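So the sequence shown is numbered by my numbering: it starts at 40 and just counts up by one. Idealized CB from N, CA, C, for every residue including glycine. These numbers were taken from a predicted model, which means no experiment stands behind them. Let me begin by presenting the structure, written as structure tokens, before commenting on it.
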Amino acid sequence: MNEANQVYIPPKPIDPKELPKAIASFLDGNNLPSKPMNAIRLSTVNEEGWAHASLLSVGEVLALPNAKIRFAISPRSSTTANLLRDGRVTMVIPFDKGVCEMRLRSQPIHKEVEGVPLTFFEAQIKSIRHLVSAYADVESGETFSLHEPQAVFERWNKQIAALRSL
């Protein structure tokens, strides 16, 4: 194959009940300082029908058994408003030389956790697709560096503990 040619590779479906091990490990909430500082991209749809992007961290997302994902999101965010209104969300994470795209249906968790002033959602994974390119590899997604790592990791650990407790 000539690498310069455009070649379409259809997305590969992945069983939504079998979250890929690398993704499950990335979102397991354990040993957060050792995780790559890759942003987790969420996409929702606003009231006008436009896509709305947001970026979360490993301290705000937790993978659970039974194809479920929990999120901790600012209650004042557009993402929270969109999820409360519609419940549909797409999550994209760099994975295996491409990206893993998950489509989920979320429900708010109507519970407050002391010291964690966030809105919590639990989402059921409806589908997973692995998207790759024939001519290039995805090496990383959006990445970030923490300004105050110790303080952020403490906050993230509280948020993950809250997500586990719900």
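| request: Would you mind listing the alpha helix (DSSP H) stretches within the segment 98-146 that are 4+ residues and don't spill past its ends, in chain order? | output: 117-124
| query | Under three-state DSSP, which class holds Glu161? | reply | In this structure, DSSP gives Glu161 an extended state, which the three-state scheme calls strand.
| query | Helix or strand or just coil, what does DSSP make of Leu66? | reply | coil
| request: Can you have a look at Gly88 and say buried or exposed, based on whether 16 or more other CB atoms are within 10 angstroms of its CB? | output: exposed
| By DSSP, does Lys51 sit in helix, in strand, or in coil? | strand
| message | Quick check: Val138 and Val128, are their CB atoms within less than 7 Å of each other? | response | no
| message | Can you look up Leu205 in the DSSP assignment and give me helix, strand or coil? | response | coil
| query | What do you reckon, are the CB atoms on Pro50 and Leu170 nearer than 7 Å? | reply | yes
| What span of residues does the beta strand (DSSP E) with His186 cover, start to end? | His186 -> no beta strand (DSSP E), and no H or E assigned at all.
| query | If you compare alpha carbons, which of Gly98, Lys150, Ala102, Ile79 is closest to Lys56? | reply | Ala102
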